[in-house]
Each structure stands twice: as structure tokens, then as C-alpha cells.
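Residue numbers (this note's numbering): 45 to 959. Note that the Cβ used here is the ideal one computed from N, Cα and C, for glycine as well. All values derive from a computational prediction rather than experimental measurement. For reference, the structure is listed below as C-alpha cells.
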């Protein structure tokens, strides 16, 4: 009981919060973070350049649809008013008025009042309004009017405090604060008679419309003068306005009236329907205090707020249902009813009827889909399937999570996808008759049927299934077609779309159809060529559908074999699309699209697209670049593509650079070009009319050569190259001269070397000759030594012979005769022995020197023995030559070994040969 009481209380509270929600025109809010200015915006006007200008306290703001600019007066006073005449933006502030002009992409100010002694020193005048009358510009403060004829300024001092002046019926009306209405005649102030009821009223606006004059007072509502009779406005809204404090008012196109208040936002009254809408902070407006109202060329509203700026597309066919309270939640489906709208959200099912927005009792929870069958509304809900008929909400069945309800193209049945598979409603007259498709117990989100006993189904997660059943609705087969075909391994989030009785499958942004002959998925050339990179598609009717392509929504009209694409401006849905849950409900010439905080109503019939007049402003390094200008190399070029259109008729613009193959969209009117090659470039802007791209503007510019390729740098390079060549030439010439000198020196040196070599060769030849002579002499001496050695040996033999004779002969005479005979035969003279020793020493001179040097203790006799041993003579042969006995030679050899310090194993002859 307690839980039910709380539930009823919550429902009552929710209904109270939602009262007053309504379908509104699209509103764009701009805060200080957008325009980087001050809070209050005192005046709004559109310039001849189609830019919007705002008197924003200390700043003159300018917005061209792409970027905001802000400018301050030289004396930095508050700008209270602006007025556009031609290319001049007149402005008024504290003891100052003048005009602004735009030159080279920047605003510059020219003072009118400066130096003309317009203001007295004791006055504290501020210019609150500027208007034009009979070719003169009037600047109005609360105490005076200043008339400027283009040359001179005339001051008209007032004796009473005024609010504002107005030009009505070719005369200037002056609204005093307390004494009624006056008119200015030849610089004289004359009170208007018959309007005494307006005394003690602060008049904040006077408007003439359809032969009626409307007076908008601050606290007493609206008065209307018709046929000389002034009376309060006979409209229920007038009582509301009396407590809302009117600040400003303006009549609009299509018999509409906008009234800005200080506490309740803006009221837009439709004089044809005698209805109004209230746009304030409770629905979409950023601030309730409206300080100024301006119109653009589309007759859309621009509001200057106490804190911010708002743009209202009051004449757009697009309407949006907002819910800033959060009670509605995310809308997954919306339909039109006879009394209003029905919405399925994650918070439940809501209805909007008249001006009342409320939650339907017992519908709390996630609602997915609402489909209309006849006068019945079938609602797929997390808790089951519900029906809404004749304002009664009741449960139809317990099938949970009804995502979609689709009519079969093969019969009159309806197919519902849900958490557990597919449910078939056989009889629309009796929706309680249902059949659950067996064999596929899994969440199915999309379904289609164009053949009897065959259903195509897409899993909520992945997979495409072909389900076949018999006439008794018994499932005969379930095929996973994506896995079977193996055409695309990424089969997550498959979508099914019926087009002209053909079923297409969107699988991972590619389009397929099923070939029943090959039993395979094949790519659809038409849709892949027209709608590549599509992530979602929703049917409106047989000739219209919506595609979500690269984050942008397009309405596609099918005309014969042609597809006419119309871009839905991103600002209407940016950040509000519920991915994979787009739902469309056609409502006559409009259709409804769900958003995460409401829904949007879009016009189905497209207006005729007219190529707009496009203005291009390009900036390079904060400098305006005109057509056919040059920009610096490796710098950024920002191109503002300005159409001067801010509302629903804003064109779909694309661009190409240097005739590229692909058209690129112009995002928010800005094109940024980087990394451009040096040379000429052409930027071409195109308007897309749904079928063709039509050129609407172009911009030519030239990218300068890099600084290292500039004229002066090239001249410097030439000078450097010439210098290098000159230095190289001089250096080469000097090297050539040096080479010549070096060559000459080298020749001289070679000549000397040649002479030296010749001389050396001669000397060498001479030495070789002498050597040869010496060798011959040495050979001769060697022969002599050998001969002497043989002679000595012969003498030794002679001595032995004599000794033999002495031993054998006894006869003395005969002995003497034999000895004498032997001596004569073997006689050797003294000269021969000396010659022998000399030759012996010459032959072994080097050996003697080395031996004497290494062994200085050797005697000449020792050296002689060494020579004989080196000559490989035996002891027996050496003995006679040294005139000693054989034993004496052996003893001498022994002593020589000790002097040479040889051990027992050392061979004396080999040792001497090694020296």
C-alpha cells in the first residue's frame, strides 16, 4: 500500500513537471564562451554584408555564420545601440556616437560626435536608440535627440524624460516616461491628443501592423489604436504580458508577433490562428530576459538576452520537442495521434496533448517502439507488448522487448522482433492471435518478409538468418547466411532494408542482396555506389527514406531510378541521435524523428533548391587574402564560406581543391587548407541540389615559393654559385700554375735524379768492373795460394823423401848426391812463401777482421791456424805449412778451442765457417 502511494505521488509530481511542454521552432543559443564578449546584448541588426551585428556592452559583435568577431570603441564605453545603413553600422554609447565600416576583413570606427561639442560636460548622456528618418540619422538618449544630416549634428533638447522614439506613419513619435506620446514636427515637440490612457506608462515599443498601431507598455500590456480609438489589446495573452514586463516587440512575416519580456522569455503570437508559443528557460531559451529583437533576411528571430544571444528559426518548417527537465529521458519512438503525440522512452510511455505533457500510468520502464495499426498503437516494452486505443493503455501480451513491428509484404500479417525471437500477428483485427517462430530463440531486432513461408531476420548482435516454415507456421530450417556465405566476417549489427519489394542487407557499411540461385550474398552495385559508408537506414514511405552516412543524416527521395539527397542540417540533431535506434513516423507532409531528449518534426516535401550567392573570405596569418593573391609557403589558409543564410534554408555546400575527384563537405562554413604545394591553386565551392553539384563560387590564390626559393634567395644562390665558381676557377688556375711549377721542379729533380742515377750506374758499373777485377785477382791469388799450398805440400814430401834417403842410404857420397838432387827438385824460394801469405790474408781479410774483433786475444799464429781450418785443411796438411809437427797442430787446435770458448761437442771447423 505504501509502495503504491509513493508510485502515485511520483506520477503526480512527474505530470506536474511536464505540464506546458510544447513543439517549438529550433533555437540556437550562443553564450559568452561562443562569442567571448559580455553578458547583455542591447541591440541586434543584420548588415548589408548579411552578417549579424550585436551591441554587446563593451563590444560590437559580428557573426557571419562561421566565426565571431568583437570590437571595442576607442574610449571603451558601453555600446547601447546600433543601426545599419548601407555598409555603415552606426553605434551609440556614452557621450559618443559614430559608425563602423569593414575594411580588409576588419572593423574600423569613425566618430561623428567627436570634436563637434555635442555633449555638455555636465551631461551623462547615453545613446539608447538610432533610427533613420527623411535621409537623416537620429541618435536618441533619454533626454535629447541628435540629428545628423551627413555633415552636421543638431541637438534637440527635451524637457522631459523619454523611453524611445519610433517612426510611425511618416512621423517621429516620442514616448515619454510619464506624460504620454509626443511627436516631433520641424524639431518641435508636440503632444499627441487622444492618447491620454498611455500617460504614466513606460512605452517599450510602438509597431504599425495592418492599419493598427500597437503600443507595448512595460507593465500594463498592449494597447491597440484602430480608427482613432485606443484600447487595451483584446487577447488572453495580454493579461499574461502585464506581469511579464514587456521589453521589446516586433511583427514578423506570416502574421506573427514576437514579444520579448524581462522575466518570461519571448512570446510568439500567431494572429491567424490566435495561438502563441512561449520560448523561455523552462524549455530551450538560455535566459528569460529579452533585451532586444532583430530579424534576418529569412525573417528569423535573433534575440539579445540579458546573458547571451539566441537565434530562433521562427519561419522554418522544422519543429522540435524539447525536454530540458530530464523527465522524458531518451525517446526511442514517437507517433502522431489525433490529439497530439505518443512517445516511447527509457522512462516509459508519454503523451503530449494540447499543451499538456504527461506519463501514461503503468507504463514506466524501457519502451522501444510504437507502431500504428489502424487506430491502435502497439507498444513494444521491456515488460511486454502494450496497446493504446481510445486513450486506454493496456497489456497485449507478455512478449518482452518488442523492438520493431513490421508488416509482411507477402500477406497481411505483422512481424514483431523481440528479446526471444519473432512473433507473428496473423490477424490485425484480433491482435491476441499470435504465433512465435520456433527454432530461433535469440534477440532479433530487424525482420522482413517478401516471400511466403520465408523470413529474413537480423540478430541484435551479429548474424543474418533465413528462416523457412510451412503453412502450419512450423519452422523447417534456420540458416545463418552471413556465416554460410563468408562474404563478410564482421557481421555485427546487420540491418535489413526493403526497397521496391527487394530486401537489402547492410553489413559493415556495405550493401548486399541474396542470390537464390547461388544461395550466396552478393554486393548490390546501386546502393554501394550511392550510399557507401552508410551506418543506418530507415524507411519513411515507398518513395522516401533516411540514411545516416558518415555522421550526417540525409533525406532521400526516390524519383524513378534517381535518388535525390537532401542534407538535414546537423545542428538539428548533433549529439542527439540514438545509434542503431533511429525511428521514423510519417505524418502527412512531415515525419517525426526520435532524439535523445525529444523528437524533431521535418518537412517531407523539399523546397526548390536555388543556388545561393556565396561570399568567400580567406585569411592567412590573420590577414585578409583577396582573390588571386599570394600566401606564404607552409602556412595555413582559413577560408570562410559565407552564404548569409542562418536558418533552415542554409545550403549544402561542398568544395574541391584543384579539381580533386571527391567533393568534400564544407563543415560549419569553414575550410582549412594546409601543406599546400607552391604554385597556383583553385578552390571551387559547389551547392548540392540533391542530384547534382553546381558550382557557385571559386577562389584562386598562389602559394609563394619557400623562402629558400624566393627571388632574392635565388639571386643569393646565383651570387654564391658565381663566387664559388670564381673561387674554384682561381683556385684551379693557381693549382695549375703550381702544378706547372711543380712539374718543372719535378723535371729538374728528375733530371738531377737521372744524372745521379747515371753517375751511380757508372760508378756501379765501375765498381762492378773493379769487383770483377778483384774477383779475378782473388781467383788468381786463390790459385796462387792453392799452388803455394801444393808447393808447400811438395816440399813436405821432399823433406820426407830426404828423410827416407837418410834412413836408407849408407854411402855418404851417394847420400849427399841424392839429397842434393831431391832439394833441387823440390826447392821453393822465399818470395813465393811471402806471396802465399799475402794472398792468403787478402782472401780471408773480412774473416780475419771479424775474428780479431770478436776474439782480440788471438795471436797471428792462431789466426793463421783458423784460416787453414776454415779452408778445411787437415792437421797433417797444416803441420808443414806452419812448420810444426802433426802433434803440434793438434795441440795448437786444442789451445785455440779454449780461446774461442768452445765446448767439447762444438765442431771447430764449422764454428769458423759460421763467422
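- In this structure residue 784 is exposed. Its beta-carbon is surrounded by fewer than 16 other beta-carbon atoms within 10 angstroms.
- Positions of the beta strand (DSSP E) runs, each at least 3 residues long and wholly inside the stretch 133–162, are given as 140–147 and 150–155 in order along the chain.
- In this chain, residue 308 is not harboured by any alpha helix (DSSP H), its DSSP state being neither H nor E.
- Residue 184: not part of any alpha helix (DSSP H); member of the beta strand (DSSP E) spanning 180–184, first to last residue.
- The beta carbon of residue 695 sits closer than 6 Å to those of 656, 687 and 731, all from its chain and outside the five residues before and after it, given in chain order.
- If you draw a straight line from the Cα of residue 543 to the Cα of residue 586, it is about 8 Å long.
- Distance between residue 92 and residue 128, taken at the CA atoms: about 8 Å.
- Within a 10 Å sphere around the beta-carbon of residue 781 sit fewer than 16 other beta-carbons, which makes this residue exposed.
- Relative to residue 209, the option among 107, 194, 934 and 176 whose CA is nearest is 176.
- The bridge partners DSSP lists for residue 555 are 550.
- Going by C-alpha positions, residue 257 is about 21 Å away from residue 174.
- Under the three-state reduction of DSSP, residue 373 is assigned to coil, being neither helix nor strand.
- Restricted to the stretch 627–710, the beta strand (DSSP E) segments that are unbroken, complete and at least 3 residues in length are 628–631, 634–639, 642–647, 659–664, 667–669, 673–675, 681–686 and 697–701, listed in chain order.
- Counting C-beta pairs with one atom in each stretch, the stretch 618–625 and the stretch 703–718 have fewer than three that are closer than 8 Å, which means they do not touch.
- Residue 446 sits in coil when the DSSP states are folded into three classes, being neither helix nor strand.
- Boundaries around residue 938 are those of the alpha helix (DSSP H), 930–943, since no beta strand (DSSP E) includes it.
- The closest CA to that of residue 685, considering only 658, 550 and 956, is found on 658.
- Straight-line measurement puts the Cα of residue 699 at about 5 Å from the Cα of residue 708.
- Within a 10 Å sphere around the beta-carbon of residue 116 sit fewer than 16 other beta-carbons, which makes this residue exposed.
- Taken through DSSP and simplified to helix, strand or coil, residue 412 comes out as strand.
- 8 Å or more divides the Cβ of residue 479 from the Cβ of residue 465.
- In this model, residue 604 and residue 146 are separated by some 49 Å (Cα to Cα).
- Counting C-beta atoms within 10 angstroms of its own C-beta, residue 300 has 16 or more neighbours from the protein chains shown and is therefore classed as buried.
- Taking a contact to require three or more Cβ pairs closer than 8 Å, the stretch 492–507 and the stretch 411–426 do not qualify as touching.
- A distance below 6 Å between beta-carbons, with the five flanking residues on each side excluded, links residue 100 to the following residues of its chain, in chain order: 81, 82 and 85.
- Taking 8 Å as the cut-off, the beta carbon of residue 334 is found no closer than this to the beta carbon of residue 88.
- Apart from sequence neighbours up to five positions away, the residues of its chain that approach residue 188 with a beta-carbon distance below 7 Å are 169, 199, 200, 201 and 202, ordered along the chain.
- For residue 280, the three-state secondary structure derived from DSSP is helix.
- Contact check for residue 461 against residue 490 passes: the beta carbons are separated by less than 8 Å.
- Residue 398 and residue 307 have their alpha carbons spaced roughly 24 Å apart.
- Under the Cβ criterion (8 Å, minimum of three pairs), the stretch 660–677 does not count as touching the stretch 630–638.
- With distances taken between CA atoms, residue 624 lies nearest to 448 out of 235, 893, 773 and 448.
- Judged by DSSP secondary structure, residue 526 falls within the alpha helix (DSSP H) whose first and last residues are 525–529.
- With contact defined as three or more Cβ pairs closer than 8 Å, the stretch 134–141 and the stretch 153–160 are in contact.
- Residues 186, 187, 220, 221 and 222 of the same chain have their beta carbon placed closer than 8 Å to that of residue 205, with the five preceding and five following residues left out of the count.
- Taking 3 residues as the shortest admissible run, the stretch 55–120 contains the following complete beta strand (DSSP E) segments, listed from N- to C-terminal end: 67–69, 71–74, 87–90, 96–100, 103–107 and 112–115.
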